[in-house]
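The numbering of the sequence shown is full-length UniProt numbering, which starts it at 1 and goes up by one. Let me begin by presenting the structure, written as structure tokens, before commenting on it.
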Amino acid sequence: MEIKCDVFLIVHIILFELLILRERLIVVLVNALNVVRCREMFLRIVLTLVILQILCQAKHVCKVPGTSPIIHATSYNSRSKRSTPNSQLKFTVVYTSGFQKNSLFEQIKTKIVLPSLVYWENTLSVKRVASDNIILERQCLDGQTSYVKWPNGTLGIYCNKGCENITRCFTEPIPDNYLNGCKEFVANKPSIQGSRGSGIPPNGYLVFVDATATEPCQSDDLLAYALACQLEFGTDRPVAGYVNMCPTQLSIKPGDVRSSISTFIHEMAHALGFSSTSYAFLREEDGTPRTPRDPQTNLPALGQDSDYIYVASKSTVTKVQRIWVSAVSTTIRTVDAFVLPNVLAEARAHFNCPTMDGMDLENDGGSGTAFVHFEKRITEVNYS
Numbered sequence: 001m002e003i004k005c006d007v008f009l010i011v012h013i014i015l016f017e018l019l020i021l022r023e024r025l026i027v028v029l030v031n032a033l034n035v036v037r038c039r040e041m042f043l044r045i046v047l048t049l050v051i052l053q054i055l056c057q058a059k060h061v062c063k064v065p066g067t068s069p070i071i072h073a074t075s076y077n078s079r080s081k082r083s084t085p086n087s088q089l090k091f092t093v094v095y096t097s098g099f100q101k102n103s104l105f106e107q108i109k110t111k112i113v114l115p116s117l118v119y120w121e122n123t124l125s126v127k128r129v130a131s132d133n134i135i136l137e138r139q140c141l142d143g144q145t146s147y148v149k150w151p152n153g154t155l156g157i158y159c160n161k162g163c164e165n166i167t168r169c170f171t172e173p174i175p176d177n178y179l180n181g182c183k184e185f186v187a188n189k190p191s192i193q194g195s196r197g198s199g200i201p202p203n204g205y206l207v208f209v210d211a212t213a214t215e216p217c218q219s220d221d222l223l224a225y226a227l228a229c230q231l232e233f234g235t236d237r238p239v240a241g242y243v244n245m246c247p248t249q250l251s252i253k254p255g256d257v258r259s260s261i262s263t264f265i266h267e268m269a270h271a272l273g274f275s276s277t278s279y280a281f282l283r284e285e286d287g288t289p290r291t292p293r294d295p296q297t298n299l300p301a302l303g304q305d306s307d308y309i310y311v312a313s314k315s316t317v318t319k320v321q322r323i324w325v326s327a328v329s330t331t332i333r334t335v336d337a338f339v340l341p342n343v344l345a346e347a348r349a350h351f352n353c354p355t356m357d358g359m360d361l362e363n364d365g366g367s368g369t370a371f372v373h374f375e376k377r378i379t380e381v382n383y384s
């Protein structure tokens, strides 16, 4: 999306902001240079600079795809409750046919994809690592499943009508090598039909990298999108996901590579769990679910919203009130905010605000943007 830099518009914005600053400065001086008001003025200056940047530089919009059924992968072992050493995250990459048809396939892979994945491998480690490979599960016909509770208390999920011929991660078929046999009922008894693949390593993540001109990519300002498609049954850790880089937006020019890497890293954050579909599955440091679970299904027990997304507990995402200052008035707005302990600690340190009560989530941009990014008004570097 190209946005022309209108000098006259910029000048008017600056003059408007300066007039507001002058009025607020008078108020501030009358109130003995109140520090909070001074901070508001500083933020207005920063906002003006941000407006200049937006006017003079095209930005892309990040869209997280719509919801898809939650599938839990299986690790065939008895996971120890004792503390186990963390293990660095390791990606297994499947490049789709759409990606491999791109004439710049090898260069995009080496210059953009692999450096981005190395970033996350160096950044994240897996806690409570399984002792055996993780096997992805097959999709059930019509999505119909039943739960079986075994004598040891663990749950098993089985298909009522059998399995789909092809199990997909978003649009991409998952190779049989990563999949379990079909878990279904035979003569009213739970069984596994067919052979089991080798799966992915216990600390692994299977990522499908695509570059197909899908319908969402027809938007001029969309660079890429991503999501997770399977979670590990015992921990709810995302273990498989999909990233599509819109081919018309891909560039390996020297001046564009850094931005492309930043975009891919950002999209992988969604595939790794920064998505509204994952919030209700987040856990405490010790592995306890943050959102209460239904004992019959082990799924979040607070219901689903209008988009069929499981509702997260208020200890994960909650409503907070913000004082909203504009040129004409001051109002109180209610917004959604992360209150996860580690996120809150980092936000307080970053903004030097010990009383900060939540990290605001984006409330604009519609489905796929709102609620799956931090508030751009605060963080600015949000969609790239």
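All residues carry an ideal CB built from backbone N, CA and C; glycine is no exception.
query = Can you list the beta strand (DSSP E) stretches of 3 or more residues lying completely in the stretch 292–364, in chain order?
reply = 317–325, 330–338
request  = Classify residue 374 as buried or exposed, calling it buried when 16 or more other Cβ atoms lie within 10 Å of its own Cβ.
outcome  = buried
message = Please report the distance separating the alpha-carbon of residue 139 from that of residue 164.
response = 6 Å
key: Beta-bridge partners of residue 184, as assigned by DSSP   = 159, 191
task = Have a look at residue 337 and residue 187 and give me their C-alpha separation to the nearest angstrom.
result = 49 Å
ask   = In three-state DSSP terms, what is residue 277?
value = coil
key: Neighbourhood of residue 70 by C-beta distance below 7 Å, restricted to the same chain and skipping five residues each side   = 231
message = Once DSSP output is grouped into helix, strand and coil, what is the label at residue 221?
response = coil
ask   = Are the beta-carbon atoms belonging to residue 290 and residue 315 less than 7 Å from one another?
value = yes
inquiry  = Determine whether the beta carbon atoms of residue 227 and residue 246 lie at a separation below 7 Å.
reply    = no
query = What distance in whole Å lies between the Cβ atoms of residue 292 and residue 390, which are believed to be in contact at a cut-off of 8 Å?
reply = Outside the shown range of the chain, which is 1 to 384, sits residue 390, and nothing can be said about it.
message = Are the CB atoms of residue 117 and residue 99 within a distance shorter than 7 Å?
response = no
task = Counting only the same chain and skipping the five closest in sequence on each side, list residues whose C-beta sits under 7 Å from that of residue 181.
result = 192, 193, 194, 195, 196
query = With respect to the beta strand (DSSP E) encompassing residue 146, which residues constitute its N-terminal and C-terminal limits?
reply = 145–149
message = If I measure Cβ to Cβ from residue 371 and keep anything under 8 Å in the same chain, skipping five residues before and after, which residues do I get?
response = 276, 336, 361, 362, 363
task = Spell out a yes or no on whether the stretch 127–147 and the stretch 196–213 are touching, meaning 3 or more CB-CB pairs, one atom from each, closer than 8 Å.
result = yes
request  = Could you tell me whether the Cβ atoms of residue 96 and residue 184 are closer together than 7 Å?
outcome  = no
ask   = What residue range is occupied by the uninterrupted beta strand (DSSP E) comprising residue 90?
value = 90–95
query = Of the choices 261, 160, 168, 215, whose alpha-carbon is the least far from that of residue 108?
reply = 261
ask   = What number of angstroms, rounded off, separates the C-alpha of residue 347 from the C-alpha of residue 128?
value = 27 Å
task = Please say whether residue 243 and residue 267 have beta carbons closer to each other than 7 Å?
result = yes
inquiry  = Using a Cβ-Cβ cutoff of less than 8 Å, which residues in the same chain neighbour residue 252 once the five nearest sequence positions on both sides are dropped?
reply    = 104, 107, 108, 111, 112, 260
Start-to-end residues for the beta strand (DSSP E) that takes in residue 372 = Run containing residue 372: none; DSSP gives neither H nor E here.
Length of the line joining the Cα atoms of residue 169 and residue 288 = 27 Å
key: Burial state of residue 328, where buried means 16 or more other Cβ atoms lie within 10 Å   = exposed
message = Using only CA atoms, which one of 250, 255, 142, 332 lies nearest to residue 166?
response = 142
task = Leaving out five residues on either side along the sequence, give the residues of the same chain with a beta carbon under 7 Å from the beta carbon of residue 345.
result = none
Through-space distance from residue 333 to residue 271, alpha-carbon basis = 30 Å
query = How would you call residue 175, buried or exposed, if buried means at least 16 neighbouring beta carbons within 10 angstroms?
reply = exposed
ask   = Below 7 Å between beta carbons: does that hold for residue 124 and residue 89?
value = yes
ask   = Just curious, the alpha helix (DSSP H) that residue 114 is in, first and last residue?
value = 114–123
query = Which residues mark the beginning and the end of the beta strand (DSSP E) in which residue 75 is found?
reply = 71–75
query = Where does residue 103 fall in DSSP's three states?
reply = coil
key: Spatially closest choice to residue 120 from 310, 265, 75, by CA coordinates   = 265
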